[in-house]
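Residue numbers (the numbering used here), protein chains in the order written: chain A, 1 to 317; chain B, 1001 to 1257.
Report on the structure given below.
Given below as structure tokens:
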């Protein structure tokens, strides 16, 4: 199902959560809404689900104006950051909820729930209560629950935000595989740019209730439209009037006219990569990314004076 | 040392303030003679009084339960003008002396009052009104904090899964607040059984017609029939204890479900 949002504005008292937002989500795509907290990304997702109604603007689902449609009639699956598990029901009953509401035959429900529990690897947990599951298991249960009625759109609000790092990585990969198998139109909210870049086909970058840029991850990184996107997506250093990525800075030991002098403040060894924190003569700080070989060759160490030169610079007018 | 101090303070307080007087009733019934107490309990007017008490509770408890749940939902989940007032006025019966409640009903429905139709005062209708009035707050007071605590995410999840408002209420909201509701119902029922002041004024306390069990205790006491008074008191105590025991037996299951 395709999603088309046009001119949506939403206030919470005097706070502008969404300011004239328009986006298009292609049918079958996997999109991320990325932005810092308070950027309006969750509100936008909730407007698409019908959990918030916009002050103005429209939401179209498959070219049908669904702005006034109640959430229960939109055919969307929604996954909450804190799972929203039905605490008084077993895992099975949680997953079966949408099917019971639709009064499906008992046999069909049982078969479908078994299939879903297998999909999220919770076979054998059907008779437990949510309180007896770990965070990752609860979120997988919530995913199975949202998928039960075969929604045409799957919306996830910071689905992995409350989980620890390892579980988060596992579930990311799992979500990506799920999407490859089902091709359900999926939109997820995240403040983690790595998460967005890793799984989304298309990333919507939001800031202060507005859409800054919509692009595939690679384009977003290589051709950011403004300083906000440049600095929010991936790391970036301010360099004179322009911006430069940490791996687009070259370090030399001798000046050559186009270089700037800098002091090596700190070196961090991250396996194959070495990150150098530099302070320029005018006090600006720079982060530079090098391979271990490059760092070894330069014999870099803290307190050393070096010369830096950008190999690729972006200037925003 | 500190641990024990707190424990003894709590137990001692409960013992002196609550348990000692109540155990006196058991002891006095024994002393006055079980036979006398029994004949007071089985007297036609006493049986009638218990019947009236049950009727009052049977009307007031369901009404106030429904009102309490709706009222709590309105206070926690909705925004509307006058919400602050509603929230404050629900507690009014807790603050107001029951005698004042009785008197105000008396003035409203009495000969000089505004409303006249049929026999309201000195009959069941006024007693029902008084009982409902004094037992309004309990369900709402129990349910409001629980509703706040569980939040509305589960309800939103139910909506996105296709449940209507009504289905969400029965399948998600009500099961989530069931303990608060049950506790509220018990408190409401207890208030209905024990109400004295308001009901005393509007009922006229006519033996065999408008007397509740609690009024009957006073009736016996005023007629210097102590055995009768203690006998009925004992019956009321036993009901209260039975309710407590049932609640305690049921409650631990909450953790697993």
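Every residue gets a Cβ at the ideal spot worked out from N, C-alpha and C, and that includes glycine.
Quick caveat, the model's predicted, so the values are computed rather than measured.
query	result
Enumerate in chain order the residues of its own chain whose CB-to-CB distance from residue 248 of chain A is below 8 Å, with the five nearest sequence positions on each side excluded.	310, 311, 312, 313
Please classify residue 1201 of chain B as buried or exposed, where buried requires at least 16 other C-beta atoms within 10 Å of its C-beta.	buried
Chain B partners of residue 77 of chain A, CB-CB under 9 Å?	1160, 1161
Quick check: the stretch 1138 to 1157 of chain B against the stretch 1217 to 1229 of chain B, are at least 3 beta-carbon pairs closer than 8 Å?	no
Can you check whether the CB of residue 1176 of chain B is closer than 8 Å to the CB of residue 87 of chain A?	yes
Could you work out which residues of chain B lie near residue 84 of chain A, taking near to mean beta carbons separated by less than 8 Å?	1153, 1154, 1156, 1157
Give the secondary structure of residue 1211 of chain B by DSSP, where H, G and I count as helix, E and B as strand, and everything else as coil.	coil
Quick check on DSSP: helix, strand or coil for residue 125 of chain A?	coil
Could you list the residues in the stretch 1164 to 1196 of chain B with a C-beta less than 7 Å from some C-beta on chain A, going in chain order?	1164, 1167, 1172, 1175, 1176
Give the residues from the stretch 95 to 128 of chain A that approach chain B closer than 8 Å (Cβ to any Cβ), ordered along the chain.	97, 98, 101, 102
Hey, how far is the Cα of residue 116 of chain A from the Cα of residue 290 of chain A?	45 Å
Is the distance from the Cβ of residue 135 of chain A to the Cβ of residue 81 of chain A below 8 Å?	no
Does residue 285 of chain A get closer than 8 Å to chain B when you measure Cβ to Cβ?	no
By the DSSP assignment, the alpha helix (DSSP H) with residue 1004 of chain B in it spans what residues?	1002 to 1013
Would you mind telling me which residues of chain E sit closer than 7 Å to residue 71 of chain A, beta carbon to beta carbon, in chain order?	Checking the listed chains, one finds no chain E in this structure; the protein chains it contains are A and B.
So the candidates are B:1192, B:1228, B:1127, B:1231; which of them puts its Cα closest to the Cα of residue 1199 of chain B?	B:1127
Figure out for me which residue from B:1246, B:1210, B:1195 has the closest Cα to the Cα of residue 1098 of chain B.	B:1195
Strictly below 8 Å CB to CB, what residues from chain B border residue 149 of chain A?	1161, 1162
DSSP three-state call for residue 1026 of chain B: helix, strand or coil?	helix
Is DSSP giving residue 1057 of chain B helix, strand or coil here?	helix
Judging by CA-CA distance, which residue of B:1207, B:1243, B:1140 is the nearest neighbour of residue 1064 of chain B?	B:1140
Quick one: residues in its chain with C-beta nearer than 6 Å to the C-beta of residue 16 of chain A, no 5 flanking neighbours on either side, listed in chain order?	209
Between the C-alpha atoms of residue 111 of chain A and residue 195 of chain A, what's the straight-line distance to the nearest angstrom?	33 Å
Output, in chain order, the set of chain B residues within a Cβ distance shorter than 9 Å of residue 145 of chain A.	1157, 1161
Mind checking whether residue 388 of chain A and residue 204 of chain A have CB atoms under 8 Å apart?	Since the first residue of chain A shown is 1 and the last is 317, residue 388 of chain A is not available in this structure.
Is residue 12 of chain A close to chain B? Criterion is C-beta to C-beta, closer than 8 Å.	no
Counting only beta-carbon atoms, is residue 49 of chain A nearer than 8 Å to chain B?	yes
Pick helix, strand or coil for residue 1036 of chain B, following the three-state DSSP scheme.	helix
Taking 8 Å as the CB-CB limit, is residue 80 of chain A close to chain B?	yes
Can you name the start and end residues of the alpha helix (DSSP H) that residue 26 of chain A belongs to?	Looking at the DSSP string, residue 26 of chain A is not in any alpha helix (DSSP H), and its letter there is neither H nor E.
Just the C-alpha distance for residue 1190 of chain B and residue 1214 of chain B, rounded to the nearest angstrom, thanks.	11 Å
Taking only three categories from DSSP, how would you classify residue 1120 of chain B?	coil
Can you tell me which of B:1161, B:1204, B:1009, B:1125 puts its alpha carbon nearest to the alpha carbon of residue 103 of chain A?	B:1161
Taking the alpha-carbon of residue 275 of chain A as reference, which of A:244, A:154, A:287, A:157 has the nearest alpha-carbon?	A:287
Determine the closest residue to residue 1068 of chain B out of B:1197, B:1050, B:1144, B:1019, with distance taken between C-alpha atoms.	B:1144
Quick check: residue 227 of chain A and residue 316 of chain A, are their CB atoms within less than 8 Å of each other?	yes
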